[in-house]
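Sequential numbering from 409 applies to the sequence shown in the working numbering.
By construction, the Cβ of each residue, glycine as well, lies at the ideal position given by its N, Cα and C atoms.
Shown next, in structure tokens, is the structure this report addresses.
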Amino acid sequence: MVIPIHDINPLSRRPLMTWLLIAVNVVIFVFFEPVVSSVAGIGTSPAKNVCQQQRFFQEWGAIPRELVNNAPLATVNSGHIGVDQAGNPGCITQSPAGFSKIPVLSVLTAMFLHGSWLHLIGNMLFLGVFGNNIEDRMGRLLYLVFYLVCGYAATYGFSYFESGSSTTLIGASGAVAGVLGAYLMLFPKARVIGLVSILFFLPFWLPAWIVLGFWFALQYVYFTGVGVADGGAVAYGAHVVGFVVGALLVAPFIRQLRAAGPAAGSRVPQHRWIRGTGASSNARHRRGY
């Protein structure tokens, strides 16, 4: 696995929309979500907190069965804990729901929710590394529209694969996957500095087509069920759909989007602590494709 931390790809403007998207995701996670006290989403909080979080996600997250049928669930989590006849604690359900919900709008709100710090940090890291160049080429408003379209396509695409599921879908992964697909199409040879897990997380530069191609291949393999245990909590199908949609959307405009970048003589930052990014190789890095 490669964890990207930086790409050597010059910009012509500040990526304000990318920064704004990251800020909104962080603010919502920190100040508005009743997140259980875990880093990776492993339940370590009292059952009451878990019930509150599940109810919050049912209200604001996307649910495949709701999206396919365009109708909210009849029975939802009440957010309160109870005990069954065997004495086991669990979340109490209620019908009808104590909130109103428009399924199509839940896709939008779900894009800004995350289940754990690890979930949030992973998505924002990929968005920060790869989103700035896509924003730079598209412009801020078109980039935002592109981001949301990829998120919608990923969520609805996954929902049709899992049309009977009542599990909530949350996270920016589908939209971010669209950004990754666009980046691969526009900058396949761009240098990406990443931490390689099998090499003790040492930093190396790799071409984007290897980093993103491997990421997509891994998502597809997991989506098909190879090497994944039952009950996995990651919607790999949404990642696959978002990536493909992002790549297809930019495919007809590759020349125009590449031409919208900085001048060929733009200075590329040097990183002497990473092999291959020093001054002697600047000429090869300037285009970033």
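Beta carbon proximity, residue i to chain C, threshold 9 Å
i      : result
Leu521 : Among the chains of the structure shown, chain C does not appear; only one protein chain is present.
N- and C-terminal bounds of the beta strand (DSSP E) containing residue i
i      : result
Asn485 : 484-491
Val642 : First-last for Val642: undefined, no H or E at that position.
Ile601 : 599-604
Thr501 : 497-502
Phe612 : 610-615
Nearest-angstrom Cα separation, counted from residue j out to residue i
i      : j      : result
Gln461 : Pro670 : 45 Å
Ala616 : Pro418 : 14 Å
Leu465 : Gly523 : According to the sequence provided, residue 465 is Phe. The question's Leu does not apply to it. Looking at the two C-alpha atoms, the distance is approximately 9 Å.
Phe612 : Leu550 : 32 Å
Trp468 : Phe538 : 27 Å
Phe661 : Arg599 : 22 Å
Ala655 : Ile500 : 43 Å
Leu424 : Gly498 : 44 Å
Ala585 : Arg548 : 18 Å
Pro574 : Val515 : In the sequence as presented, Pro is not what sits at residue 574; that position holds Ser. Those two C-alpha atoms are separated by around 14 Å.
His414 : Thr576 : 32 Å
Leu592 : Val438 : 31 Å
Gly506 : Ile578 : 20 Å
Ile542 : Leu528 : 20 Å
Gln678 : Val653 : Note that Gln678 scores 49 on pLDDT, short of 50, meaning its location in the model is unreliable; the coordinates nonetheless yield the value given after this. The alpha-carbon atoms of Gln678 and Val653 are separated by roughly 33 Å.
Thr426 : Leu481 : 34 Å
Ile510 : Leu428 : 25 Å
Trp525 : Ile416 : 27 Å
Leu533 : Leu603 : 13 Å
Ala518 : Phe651 : 18 Å
Asn540 : Arg422 : 8 Å
Val636 : Asn531 : In this predicted model, Val636 has a pLDDT of only 39, less than 50, meaning its place in the structure is not dependable; the value taken from the coordinates is given anyway. Val636 and Asn531: Cα-Cα distance of roughly 20 Å.
Ala561 : Ala643 : 13 Å
Gly476 : Gly565 : According to the sequence provided, residue 476 is Val. The question's Gly does not apply to it. Those two C-alpha atoms are separated by around 10 Å.
Cβ-based burial, residue i [other Cβ within 10 Å; buried from 16]
i      : result
Ser503 : exposed
His488 : exposed
Leu610 : exposed
Thr563 : buried
Phe520 : buried
Gly490 : exposed
Asn478 : exposed
Asn496 : exposed
Val512 : exposed
Gly633 : exposed
Val553 : exposed
Ser486 : buried
Ser508 : exposed
Ala659 : exposed
Phe595 : buried
Phe624 : buried
Gly639 : Residue confidence for Gly639 is low, a pLDDT of 37 falling below 50, so the modelled location carries little weight; the figure read from the coordinates is stated next. Exposed.
Ala667 : exposed
Ser420 : exposed
Arg463 : buried
Arg545 : buried
Val410 : buried
Residue interval of the alpha helix (DSSP H) (run including residue i)
i      : result
Pro511 : 511-518
Pro472 : 472-477
Leu521 : No alpha helix (DSSP H) contains Leu521, which DSSP labels as neither H nor E.
Ala667 : 662-667
Exercise for the section: Enumerate, from N- to C-terminal direction, the unbroken alpha helix (DSSP H) stretches of 4 or more residues contained entirely within the segment 544-584. Expected result: For the segment 544-584, whole alpha helix (DSSP H) runs of length 4 or above, ordered along the chain, are 548-569.
Practice task
Would you check if there are 3 or more beta carbon pairs closer than 8 Å linking the segment 472-483 to the segment 567-576?
Solution key: yes
Exercise for the section: Give a yes or no on contact between the segment 640-652 and the segment 621-630, applying the rule of three or more CB pairs nearer than 8 Å. Expected result: yes
Exercise for the section: Would you check if there are 3 or more beta carbon pairs closer than 8 Å linking the segment 431-438 to the segment 617-625? Expected result: no
Exercise for the section: Output the residue ranges of the alpha helix (DSSP H) runs that lie fully inside the segment 415-443 and measure 4 residues or longer, sorted by chain position. Expected result: 424-439
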